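One structure below.
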Amino acid sequence: MAGSEQPKGPLDGVRVLDLSRILAGPTCTQLLGDLGANVIKIENPGSGGDDTRQWGPPYVTDSEGNSSDLSAYFVAANRNKKSVALDISTPEGQAQIRRLAAHVDILIENFKPGGLAKYGLDYASLEPEFPSLVYCSISGFGQTGPNASKPGYDLMAQGFGGIMSLTGEPDGAPMKVGVGIADVMCGMYATVGILAALHHRQRTGEGQHIDLALVDAQVAWMINEGVNYLTSGALPQRRGNAHPNIMPYDVYATSDGHVVLAVGNDGQFRRFCDFLELGELAGDPRFATNQARLQNRAPLDALLRPTLEARSMAEVITGLEALKVTVGPVQTLDQVFSSDQVVARQMQIDMEAEPGPVHLIGNPLKLSRTPVTYRRAPPRCGQDTESVLSSDDPFTD
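What follows is the structure, encoded as structure tokens:
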């Protein structure tokens with residue numbers, strides 16, 4: 001669908017210069033692009049562009065089955081962007097960045113702290129000429145502190161920030177989350193910070209520098225477990241899929257698969273026990289309250305697990321849903337993307353890229369008046385260099 005036939009997004013007219021790569025920054029700029037912002041992504045031609053272009057297989061292929069530079073990893077976070085290949089280590093590349101900066105509202109980068117200063121492209125260098133610029137820097141540890149000069153990837157942030165210490169089975173090794181969640185959440189925080197800075201600029205005319213660290217963001221989303229520790233002084237323990245503050249809240253085997261159970265209060269627990277024909281448990285002082293159940297996890301689990309294993313997934317899910325007890329299947333990705341719920345919510349989208357079709361995860365935001373739009377498929381490296389650099393207004397389509 002042509003852009004003129006689509007509704008305008010809430011960020012229509014906002015212009016973004018994206019000097020980021022990998023996942024945190026691109027997650028942010030893709031989200032801004034989905035919301036209508038015009039994004040130009042700068043890629044280094046000498047290295048083949050964004051590092052993630054090489055993080056495959058799988059790759060998007062052409063009609064003859066030939067691989068492209070569109071890895072699945074890259075296309076996951078780079079739609080709604082133009083790609084311009086520029087070597088910013090050269091005077092010519094630096095001049096082009098400054099020319100583009102004159103047209104933008106937002107610049108986002110994830111170089112090591114100080115890495116852009118030698119090119120005159122850091123915030124301190126650009127702010128005098130572009131005082132209304134919202135400039136967002138993402139790095140492993142932030143622009144300050146004793147670790148500021150150290151590099152950072154998602155795995156490092158998950159380890160340093162504590163999430164790995166409480167993820168995994170109780171007797172297993174520390175475990176990372178299955179996707180780059182530290183990067184993704186950092187990108188989300190970046191988006192929030194940028195939108196707040198734009199609102200401030202709208203009122204005052206002032207731009208500002210946003211300093212965001214992967215580790216800071218990861219520490220922030222420790223949420224209840226982090227505050228559990230700060231409140232009690234006790235280190236949280238790895239519990240597998242169990243919850244530190246609710247019981248039963250776990251993954252349970254049935255006769256033909258696994259279900260997730262989240263029994264959130266004592267009333268639900270009574271209904272849950274009645275369904276399992278274990279009504280006496282709800283009156284047992286060891287299990288009658290959530291606090292008691294937490295203190296008696298092992299004996300309660302020993303009673304629940306064999307009872308659930310004797311029933312099918314369908315029986316458990318249908319029966320507990322009818323009783324308003326939170327339950328659901330543990331699905332593989334083929335089941336996820338073929339489910340009627342995911343189809344109804346348009347959480348898979350298809351776009352036509354230069355080598356061929358790409359299948360992407362949709363944006364979860366459902367805005368009633370200014371919906372997200374999917375205007376540009378993830379680009380090949382440097383796909384838009386000539387059109388952007390030869391234009392008097394490089395952000396026009």
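full-length UniProt numbering puts the first residue of the sequence shown at 1, with every later residue one more than the last. C-beta: ideal position from N, C-alpha, C; glycine also. This one's a predicted model, so the numbers in the text were calculated from it and none came from an experiment.
Looking at the secondary structure, which residues open and close the beta strand (DSSP E) in which residue i lies?
i    : result
G328 : 326-329
Y135 : 134-139
P357 : 357-361
V16  : 15-19
V177 : From DSSP, V177 is part of no beta strand (DSSP E); its letter is neither H nor E.
V39  : 38-43
L116 : Element bounds for L116: n/a, residue is neither H nor E.
L107 : 106-109
Between which two residues does the alpha helix (DSSP H) harbouring residue i extend?
i           : result
S125        : 123-126
G33         : 24-34
A242        : Taken as a continuous stretch (DSSP letters only), A242 belongs to no alpha helix (DSSP H), as it is neither H nor E.
residue 423 : Past the boundaries of the shown model lies residue 423; the chain is included only from 1 to 397, so the question cannot be answered.
E280        : 280-283
L294        : 290-295
A72         : 72-75
F275        : 266-275
My output table needs one value for residue i: the three-state DSSP class, helix, strand or coil.
i    : result
S67  : strand
E206 : coil
P58  : coil
E380 : In the sequence on display, residue 380 carries Arg and not Glu. Coil, per DSSP.
A220 : helix
I88  : coil
S4   : The predicted position of S4 is uncertain, since its pLDDT is 48 and thus under 50; no value can be drawn from it.
V372 : coil
E225 : helix
Q348 : strand
Y153 : coil
D183 : helix
V388 : helix
T307 : helix
S255 : coil
D211 : strand
A234 : coil
D397 : coil
V260 : strand
S339 : coil
D12  : coil
D50  : coil
D301 : helix
D250 : strand
Give the straight-line distance between the Cα atoms of residue i and residue j, rounded to the nearest whole angstrom.
i           : j    : result
I349        : P285 : 51 angstroms
G3          : R375 : Confidence at G3 is low in this model, with a pLDDT of 43, below 50, so its placement is unreliable and the value that follows should be read with caution. Distance between the alpha carbons of G3 and R375: 6 angstroms.
A222        : W55  : One point to set straight first is that residue 222 is Met, not Ala, in the sequence displayed. One C-alpha to the other measures close to 28 angstroms.
G226        : L389 : 48 angstroms
P364        : P10  : 15 angstroms
residue 411 : D12  : Limits of the chain in this structure are 1 at one end and 397 at the other, which puts residue 411 out of reach.
R239        : N290 : 17 angstroms
G48         : N241 : 40 angstroms
P248        : A262 : 6 angstroms
L294        : R53  : 47 angstroms
A377        : H359 : 10 angstroms
F395        : E64  : 33 angstroms
N20         : L276 : A quick correction: the sequence has Ser, not Asn, at residue 20. Taking the straight line joining both Cα atoms gives about 53 angstroms.
A157        : A173 : 17 angstroms
G46         : N228 : 48 angstroms
I361        : A76  : 7 angstroms
T373        : C273 : 46 angstroms
I181        : T307 : 35 angstroms
H243        : G382 : 47 angstroms
D266        : L281 : 11 angstroms
R15         : P113 : 24 angstroms
N38         : D18  : 10 angstroms
E309        : F111 : 51 angstroms
*Can we say the stretch 366-375 touches the stretch 59-71, given the rule of at least three CB pairs closer than 8 angstroms?*
no
*asked:* Taking contact to mean 3 or more Cβ pairs, one atom from each stretch, closer than 8 angstroms, check whether the stretch 180-196 and the stretch 113-124 are in contact.
replied: Counting Cβ pairs under 8 angstroms, fewer than three are found: no touch.
*Flag this pair as touching only if the stretch 23-39 and the stretch 319-329 have three or more C-beta atom pairs under 8 angstroms; answer yes or no.*
no
*Within the chosen definition, does the stretch 36-48 reach the stretch 76-88 through at least 3 CB pairs nearer than 8 angstroms?*
Using a C-beta cut-off of 8 angstroms, the stretch 36-48 makes contact with the stretch 76-88, since at least three inter-stretch Cβ pairs fall below that distance.
*Any contact of the stretch 125-133 with the stretch 90-105, i.e. 3+ C-beta pairs under 8 angstroms?*
yes
*Mind the definition here: the stretch 296-314 touches the stretch 337-348 only if three or more C-beta pairs lie below 8 angstroms; say whether that holds.*
no
_With three or more C-beta pairs closer than 8 angstroms as the rule, is the stretch 252-268 touching the stretch 199-211?_
Counting Cβ pairs under 8 angstroms, fewer than three are found: no touch.
*Do the stretch 206-213 and the stretch 137-145 make contact, defined as three or more Cβ pairs closer than 8 angstroms?*
yes
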